[in-house]
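Participant:
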Amino acid sequence: MTIDKVAVIDQGSGGIRAGLAGQDFPTLAIPCVVQEAQDDPQQTWYPVGTGMVRDWEALSIMWQPLWSQLSVRPKEAGLMLTDAPVASPAGRKGFLELALETAGFERVAIQPQPVLALYGLGLLKGLVLDVGHGVSVATPVMDGCVFTHNTRVLEFGGQAVTKHLMQLANKRGYALSWNVHGQALTRAKEQLCYVALDHAAETKLARETTVGVTSYVLPDGESIRLGSERFEAPEVLFRPQNAGLECLTGLGGLVDSAIGACDMDLRRSMYASIILSGRKLKIKVDDAPRRMHLVFQGAAALGEIMKDQREFWVTKQEWEEDPYRAGAKVGGIT
């Protein structure tokens with residue numbers, strides 16, 4: 058059976074990027090957060106955390122309206138999904154069940170996010186550093202293959218920056234709480250925070266002048282002033298101890314550890330191609346301008362190329378006949 062379209066879902070802990078194969082950018086980018094009561098911002102939670110799905114039913118509900126918004130009929134379409142570096146075989150099984158059984162897609166493919174990020178830049182090898190909502194992962198890739206045993210993980214990401222921003226703001230005398238102000242502070246982080254290239258110089262400037270001080274208005278109308286907090290909050294990515302996080306290293310050490318685990322003859326090429334692919338690290342850094350969409354772009358390009366290659370996909374028929382044999386196509390399931 059030929060398929061009409063291929064939908065692309067780049068599922069993250071903090072957000073969903075959705076579009077069609079062949080597109081350069083996602084059609085939709087929505088937060089992956091559930092608010093149980095519309096008038097109570099404290100009742101919010103994330104169905105996906107650290108690359109693992111916590112609530113499949115909630116995720117299914119979030120996916121359901123995407124198909125009509127993308128003008129896709131699942132029974133006549135394929136679905137390209139991205140696979141987090143920390144994903145498990147059980148997680149892949151859950152996504153196949155959700156796509157083939159619940160949503161009713163004709164065929165599905167699941168590809169590793171680090172490989173897709175490199176595809177988005179036209180590369181086949183490199184070290185991909187993905188800073189997500191709650192986890193950061195450094196993954197070596199060679200010739201389109203993930204070096205799983207050399208992958209290194211830290212249990213913090215973009216959310217840690219937001220929480221540290223809140224801590225720093227409260228030291229100024231504000232009374233901010235995560236449940237009430239978390240989403241607003243996330244937006245403040247995205248708009249105002251940046252990584253200091255020279256931390257000592259930025260600190261000196263902040264102490265001696267007010268040139269970096271700016272105001273941010275919260276949804277309740279309260280205005281907060283942020284100065285050195287704009288670069289001190291992201292510094293937690295490199296010095297987790299600043300926020301009391303129990304990590305032995307920051308992003309620099311994470312990258313160095315992943316590359317150091319590779320064979321000697323591969324290390325030079327890995328250091329030469331370090332790709333930042335964080336979808337939740339929306340702060341100003343010196344990087345590729347398409348960073349936020351690299352994984353989606355790689356998935357959209359691959360989905361278009363492989364659209365008519367039946368052996369690439371797990372079809373609904375294969376899934377119904379032998380789920381475990383079909384699951385071997387996406388790296389195995391349990």
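Here the sequence shown is numbered in the numbering used here, starting from 58 and rising by one per residue.
Note that the Cβ used here is the ideal one computed from N, Cα and C, for glycine as well.
1. Taking its Cβ as the centre, do 16 or more other Cβ atoms sit within 10 Å of residue 125, making it buried, or is it exposed?
2. What ranges does the beta strand (DSSP E) occupy inside the stretch 187-212, keeping only unbroken runs of at least 3 residues that lie completely in it?
3. In chain order, what residues of the same chain lie with their CB nearer than 7 Å to the CB of residue 79, ignoring the 5 residues before and after it?
4. Count the other C-beta atoms from every protein chain shown that fall within 10 angstroms of the C-beta of residue 343, then say buried if there are 16 or more, exposed otherwise.
5. Give the straight-line distance between the Cα atoms of residue 251 and residue 212, rounded to the nearest whole angstrom.
6. Which residue marks the beginning of the beta strand (DSSP E) containing residue 272, and which one marks its end?
7. Which runs of the beta strand (DSSP E), 3 residues or longer, sit entirely within the stretch 273-323?
8. Opposite residue 72 in the DSSP bridges: which residues?
9. Going by other Cβ atoms of all chains shown within 10 Å of its Cβ, with 16 needed for buried, is residue 170 buried or exposed?
10. Helix, strand or coil for residue 383, going by three-state DSSP, please let me know.
11. Between the C-alpha atoms of residue 317 and residue 281, what's the straight-line distance to the nearest angstrom?
12. Below 8 Å, can you find three or more Cβ-Cβ pairs linking the stretch 127-143 to the stretch 62-69?
13. Note down, in chain order, each residue of its chain lying with its Cβ closer than 8 Å to the Cβ of residue 314, except the 5 sequence neighbours on either side.
14. Taking buried to mean at least 16 other C-beta atoms within 10 Å of its own C-beta, is residue 148 buried or exposed?
15. Evaluate contact between the stretch 217-227 and the stretch 236-244, counting only Cβ atoms and requiring at least three cross-stretch pairs below 8 Å.
16. Buried or exposed, going by whether 16 or more other CB atoms sit within 10 Å of the CB of residue 118?
17. Output the boundary residues of the alpha helix (DSSP H) element that contains residue 122.
18. Below 8 Å CB to CB, which residues in the same chain sit around residue 328 once its five sequence neighbours on both sides are set aside?
19. Going by beta carbon distance, what residues of the same chain come within less than 8 Å of residue 390, once the five residues before and after it are set aside?
20. Does DSSP classify residue 107 as helix, strand or coil?
21. Report back the beta-carbon spacing between residue 193 and residue 214 to the nearest angstrom; my notes put them in contact at under 8 Å.
22. Along the chain, where does the beta strand (DSSP E) containing residue 362 start, and where does it finish?
23. Would residue 157 pass as a contact of residue 113 if the rule is Cβ separation under 8 Å?
Facilitator: So, from the data block:
1. exposed
2. Inside the stretch 187-212, DSSP marks whole beta strand (DSSP E) runs of 3 or more residues at positions 193-199 and 209-211, from first to last along the chain.
3. 357 and 361
4. Residue confidence for residue 343 is low, a pLDDT of 48 falling below 50, so the modelled location carries little weight; the figure read from the coordinates is stated next. By the 10 Å Cβ count, residue 343 comes out exposed.
5. Taking the straight line joining both Cα atoms gives about 21 Å.
6. 271-274
7. 280-283
8. 88
9. buried
10. helix
11. 43 Å
12. With three or more CB-CB distances shorter than 8 Å, the stretch 127-143 counts as touching the stretch 62-69.
13. 195, 209 and 306
14. By the neighbour-count criterion, in which 16 or more other beta carbons inside 10 Å mark a residue as buried, residue 148 falls on the buried side.
15. yes
16. exposed
17. 113-126 is the extent of the alpha helix (DSSP H) around residue 122.
18. Excluding five sequence positions before and after residue 328, the CB atoms of its chain that fall closer than 8 Å to its own CB belong to 184 and 316, given in chain order.
19. 146, 147, 149, 150, 153, 380, 381 and 384
20. coil
21. 5 Å
22. From DSSP, residue 362 is part of no beta strand (DSSP E) but of the alpha helix (DSSP H) over 351-362.
23. no
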